[in-house]
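Beneath this line is the structure, given in structure tokens, with notes to follow.
Protein chains: 2
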Amino acid sequence: MPGSDVLDPTALLRAAGLKVTRGRVAALVALGEHSHSSAEQLHTHIAAGGVPMTLQAVYLSLQVLTEHGVLRRIEPAGSAARYELRVGDNHHHLVCTGCSRVVDVDCMVGEAPCLLPADAHGFSVQETELTFWGVCPDCAAQAATTREEGAA
Amino acid sequence: MPGSDVLDPTALLRAAGLKVTRGRVAALVALGEHSHSSAEQLHTHIAAGGVPMTLQAVYLSLQVLTEHGVLRRIEPAGSAARYELRVGDNHHHLVCTGCSRVVDVDCMVGEAPCLLPADAHGFSVQETELTFWGVCPDCAAQAATTREEGAA
DNA sequence: GGAATTTCTTGAATCGATCAAGTCTCCACG
DNA sequence: CGTGGAGACTTGATCGATTCAAGAAATTCC
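Quick note, the sequences are listed as chains E and S, same order. Each residue of the first sequence is one higher than the one before, starting from 33 at the first, in our numbering. Each residue of the second sequence is one higher than the one before, starting from 33 at the first, in our numbering.
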């Protein structure tokens with residue numbers, strides 16, 4: 033029964049004109065289960081899933097998939113690159129300054145009203161990237177605990 | 033006559049409670065003349081200005097100045113970190129996908145109307161970062177030339 | 001099922017940035 | 001003006017993330 037999972041990795045690869053290999057399928061599956069993971073995290077998840085694959089192969093697959101538009105690569109300042117399945121666009125990211133966790137944030141105001149520069153300095157603008165920085169609940173709790181201990 | 037240049041480096045350092053050293057002054061002057069430069073570019077500029085300083089010292093100064101809020105550090109995906117004097121806030125950046133050149137872009141819609149996430153997933157949002165990606169005039173011209181040559 | 005192409009493995013190398021220890025500079029005090 | 005101590009700078013090594021290169025294995029088309 034196809035379509036049981038998020039999306040059929042094989043179909044995705046075929047649609048992108050790419051060979052269907054164990055590594056790429058594993059990368060897509062892992063990313064479907066753990067979105068916004070780094071290459072190393074994916075490598076770990078893939079290994080845990082019982083698929084033997086080197087870290088370099090993960091990098092290679094991610095690079096190819098990104099180049100073919102199957103994945104999107106995000107590179108928050110101060111942490112390794114993270115990847116996500118290119119599902120519906122039009123969302124942005126919220127990054128934790130503590131643990132670098134990334135979550136999706138829907139674009140509030142529908143499309144791109146205020147998301148074009150006033151003066152583009154002659155540039156032809158192709159893309160707008162919106163990133164929110166904050167503290168995730170876990171890190172906030174941890175910080176509170178640390179403060180209490182420090183005060184005690 | 034103070035204030036002749038963009039801003040007096042010495043005053044900036046004193047205001048931040050930092051020692052006034054040759055290296056820091058040189059870094060500030062270089063940044064004033066070449067905003068959005070990387071550490072290595074600044075190192076080159078400083079050396080060209082006749083101030084002997086190692087690259088590591090540049091990194092160190094930039095780090096300290098950033099931590100003390102004198103500078104802002106921006107890290108566009110795919111290029112080295114860049115720095116700018118923290119003048120009036122409320123502007124964003126436009127990065128060239130070809131040469132990684134960075135230019136300032138004023139925040140159009142005044143403050144932050146659409147710049148808060150709809151659902152923060154429990155995060156306490158501290159900052160919003162808006163980056164535009166495009167092709168600068170130079171790179172566009174170069175691309176056009178290359179295409180012509182390819183076609184000829 | 002077999003051959004050609006592409007991918008994956010193994011190992012090294014790169015780039016940007018940081019760390020560590022010793023020396024020197026800046027600045028306050030005498 | 002001279003000296004002492006904290007902090008900054010130099011030198012050299014190290015690190016993390018990522019990429020490159022060459023040979024071995026897998027995938028696809030026929």
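Note that beta-carbon positions come from the ideal geometry of N, C-alpha and C, so glycine has one too.
Helix, strand or coil, according to DSSP, for residue i in the structure here?
i	result
S/D138	strand
S/E116	strand
S/H100	coil
E/R133	coil
So what does residue i bridge to, in DSSP terms?
i	result
E/G166	E/C128 and S/V157
E/S69	E/Y115
E/H123	E/D138
Report buried or exposed for residue i, applying the criterion of at least 16 other Cβ atoms within 10 angstroms of its Cβ.
i	result
S/V52	exposed
S/G49	exposed
E/A62	buried
S/G166	buried
S/A175	exposed
E/C131	exposed
S/S69	buried
S/V135	buried
S/A71	buried
S/T160	buried
E/S93	buried
S/S36	With a pLDDT of 45 at S/S36, under the threshold of 50, the modelled position of this residue cannot be trusted; read the value that follows with caution. Flag for S/S36 reads exposed.
Does the beta carbon of residue i fall short of 7 Å from some heavy atom of the ligand ZN?
i	result
E/H125	As for the ligand ZN, it is missing from this structure, which has no ligand bound.
Exercise. Between the segment 152-172 of chain E and chain S, which residues of the former have CB atoms less than 7 Å from a CB of the latter, in chain order?
Worked result: A152, H153, G154, F155, S156, V157, Q158, E159, T160, E161, L162, T163, F164, W165, G166, V167, C168, P169 and A172
For this session: Output, in sequence order along the chain, the residues in the segment 114-138 of chain E whose CB is closer than 8 Å to any CB in chain S.
Result: H124, L126, C128, T129, V135, V137 and D138
Problem set entry | Contact list for the segment 87-116 of chain S against chain E, Cβ threshold 9 Å | R105, I106, E107, P108, A109, G110 and A113
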